[in-house]
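Presented below is the structure to which this report refers.
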Amino acid sequence: MNSDAIHLGLLDYSILGIYILVVIGIGFVLKRHMKTAEDFFLSGRSIPVWVTGLAFLSANLGAQEVIGMAASGAKYGIMTSHFYWVGAIPAMIFLAVFMMPFYYGSKARSVPEYLKLRFDEKTRGLNAISFALMTVASSGASLHALAALMHLLLKWDYNVSLIASSIVVLAYVLKGGLSSAIYTEVLQFFLIVLGFSPLVIIGLNDLGGWSGMMSKIPETFTHSWKYMGTANNPMGVDWFAMVFGLGFVLSFGYWCTDFLVVQRAMAAKNMGDARRTPIIGAVPKMLFPAIVILPGMIALALVGTAGSGYSIPNGITGETDYNLVIPSLIAHYLPTGMIGLALTALMASFMSGMAGNVTAFNTVWTYDIYQSYIAPGKSDSHYMWMGKFATVAGIVISIGFAYVAKNVNNIMDFLQLVFGFVNAPVFATFLLGMFWKRATGHGAFIGLLTGTLAAVIFHGISSPQPLAPGETLPWIKGAWLGCHISFTSSMAQNFWLAIVAWSVCFVVTIVVSLVTARTKSDEELKGLVFSLTPTQREENEPVWLRPALLGSLVLFAALILNIIFW
Amino acid sequence: MNFDLRFPIGILFTAYGALLAGYGALTNGSDIYKKSLGDNINLQWGAVLLVFGLLMLTFAIKGRGKNK
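As given, the protein sequences belong to chains W and E, one line each in that order. Quick note on this note's numbering: the first sequence kicks off at -16 and runs consecutively. Quick note on this note's numbering: the second sequence kicks off at 877 and runs consecutively.
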């Protein structure tokens, strides 16, 4: 394909139109159920577990996932699966088995609120404010990616795409709150699976099956672990940085503490379902590389096939734009009709990525910032009104961030950077908070601050590539305090940044906790700290439904996948 | 909450399946399928979506009233 516009027929527009009607319809149906603020923010804790499980997974299926992972598939090959089988599954199971009891059992309404119960007000405030900023930034990045893509592929006007998709998201989130977002995420899950699998099936057929594809891509792209001994591989990352940086710090920081995903589990009916939510999400997550990474590898193999007539198109900057892998394959293989389905799936993922962020934002803003610091003690209906106002505000701010993101080329790297600054230290705080009763509020707060500060400084002194004397980088890439440490890729730099931020937060939290007095008694910490909480009673649940058993099975399956594709 | 997501999923994919399969049947043998290696992917995949959508609707109708 050339990057000229894809032509959409009436059928394609109808498919997109039907999707928009259905999601807005869901919002209107759910409106009847939105009687209290709890209904709006927490879905009244009443959603069936298969829905929360799929939503848990899909909340993360935004721009970063679908477009970014296909791009990574083309850039790094099977190694990209580390983002799944190392960088997601173990953390999801850890959340289900060890952490969910504290989130759900403490009756905290948000992750920052847990921090208030466990530590103190300032730790919560810090987390709430940084999280709120992060969600609107991510939401803006989603929005920008959608509008830019529609402009490039369909020649739709950037500003019109941006505003139109914001209005759709606004319409259904405003009506149905978190429930709307969750239900739409599940719809989007099925759309992605059913919209993209034909692409993979046709692509593999075209290339002569799995072995045909593998024979057309470089050897280093065909293994997940074999070339991880040193950083001399397509990713430019060695196994230690990958396992510790991605598999432990970034992954646990995201899946176990990010309210965006944890909120989905909190909407479950009871403790058992809340704990099974991440496990149910982990099963399709484990298989997702087949739909999102494989297209990237198919594209790579096609480029290496004489006479395929396919090349990865150039982006706005004129260089090969790996983010266009999925759209260009859609144009290469699918006829009108199926194009509509695949593009709708893509747009749905952008919009629901945005909706997920907006629902997390309105909850944290209303409960953790507005109710805590600005206007405590108001009526329930007042907070519900504020939630709706925050939804509108969140979307308006996202639009602002979209224009910021417009100036940053690689959204994935940008988001990784933000996660590194904000999320990496956070998991040290939760780990110590949940498993060490001696950790104090002052310790947590100062630990978080220094962890984030360490991340910022590390970014300032490190470079993703060796620099010649006098050579400088755009500040977004690092080394704005001079290049003192250099890596072989920006991914390696990000992973090490996360490792440093986490370690600094971990050590500082311990040291400060030991020199400050505890402010919470053992009694107050019951249900919040592991050693002070009675073991989960699971006798009333059948053995095969117990989270520890289910989680172990999923982990075992992930291990097998790692071995098969080693 | 008395809301069964299987209904909207069923409705969405039944509609998609019917549209795609119908269009595929009308355009069978057309040049537009050269791209998809000669397979009438609209008809084939439309049928898959139709079956999926109808299954979801069936489960939703069967399960009605149970989830109060």
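No residue lacks a Cβ here, since even glycine has one placed at the ideal position from N, Cα and C.
Across the structure, Tyr316/W and Ser163/W are spaced so that their CA atoms are roughly 33 Å apart. When the five nearest sequence neighbours on each side are left out, the beta carbons in the same chain lying within less than 6 Å of the beta carbon of Ala265/W are those of Ile72, Met75, Val537, in order along the chain. Gly434/W places its beta carbon less than 8 Å from that of Val487/W. Between the stretch 101 to 116 of chain W and the stretch 130 to 140 of chain W, the count of Cβ pairs shorter than 8 Å is below three; the stretches do not touch.
Val512/W and Lys420/W have their C-alpha atoms some 6 Å from each other. Taking the Cα positions, Ser514/W is about 15 Å away from Tyr86/W.
Here Ser291/W carries a coil assignment [DSSP, helix/strand/coil]. In the three-state reduction of the DSSP assignment, Ala376/W falls in the helix class.
Residue nearest to Leu415/W within the set Ile493/W, Tyr356/W, Gly465/W is Ile493/W (criterion: CA-CA distance). The contact set of Val12/W on chain E, defined by CB atoms closer than 8 Å, consists of Phe879 in chain order. From the listed residues Val405/W, Met330/W, Val308/W, the smallest Cα separation to Glu168/W is found for Met330/W. Three or more Cβ pairs drawn from the stretch 467 to 480 of chain W and the stretch 217 to 236 of chain W lie within less than 8 Å of each other, which places the two stretches in contact.
Listed along the chain, the chain E residues whose CB falls inside 8 Å of the CB of Val5/W are Pro884, Ile887, Leu888. Taking the Cα positions, Met62/W is about 23 Å away from Glu302/W.
Ser446/W has Ser469/W as its beta-bridge partners, per DSSP.
By the criterion of a C-beta distance shorter than 8 Å, Ile917/E is surrounded in its chain by Gly900, Tyr909, once the five residues flanking it on both sides are discounted. Shown here, Ile30/W sits in a strand according to DSSP, grouped into three states. Here the alpha carbons of Gly336/W and Leu40/W stand approximately 11 Å from one another.
Contacts with chain W (Cβ-Cβ distance below 9 Å) from the stretch 916 to 927 of chain E involve Asn916, Ile917, Asn918, Gln920, Trp921, Gly922, Val924, Leu925, listed in chain order. Between the stretch 238 to 246 of chain W and the stretch 88 to 96 of chain W, the count of C-beta pairs closer than 8 Å reaches three or more; the two stretches touch. Taking Ser291/W as the centre and dropping the five residues before and after it, the same chain places the C-beta of Leu285 closer than 7 Å to its C-beta, in chain order. Within the stretch 315 to 332 of chain W, His315, Tyr316, Leu317, Pro318, Thr319, Gly320, Met321, Leu324 place their CB atoms closer than 8 Å to a CB of chain E, listed in sequence order.
For chain E, the residues of the stretch 180 to 193 of chain W that bring a beta carbon within less than 8 Å of one of its beta carbons are Pro181, Ile185, Asn188, Asp189, in chain order.
CA-CA distance, Glu524/W to Gly36/W, rounds to 18 Å.
Between the stretch 51 to 69 of chain W and the stretch 383 to 391 of chain W there are fewer than three C-beta pairs closer than 8 Å, too few to call the two in contact. Taking a C-beta distance under 8 Å as the contact criterion, Pro517/W and Ala79/W do not qualify as a contact pair. Inter-segment contact for the stretch 142 to 154 of chain W and the stretch 15 to 31 of chain W is absent: fewer than three beta-carbon pairs are separated by less than 8 Å. The three-state reading of DSSP puts Ala451/W in coil, since its state is none of H, G, I, E or B. The alpha-carbon of Ile9/W is positioned some 37 Å away from that of Ala57/W.
Within chain E, the residues Leu881, Pro884, Ile885, Leu888 have their CB atoms less than 9 Å from the CB of Leu170/W, given in chain order.
The residue among Ala484/W, Leu187/W, Phe441/W, Met17/W with its C-alpha nearest the C-alpha of Gly465/W is Phe441/W.
Pairing Ser332/W with Gln171/W gives a Cβ-Cβ distance under 8 Å. By the criterion of a C-beta distance shorter than 6 Å, Arg501/W is surrounded in its chain by Thr423, once the five residues flanking it on both sides are discounted. Glu48/W counts as buried, since no fewer than 16 other beta carbons sit within 10 angstroms of its beta carbon. Under DSSP, Thr303/W takes part in a beta bridge, and its partners are Asn297/W. Residue environment analysis places Pro181/W among the buried positions, since at least 16 neighbouring C-beta atoms fall within 10 angstroms of its C-beta.
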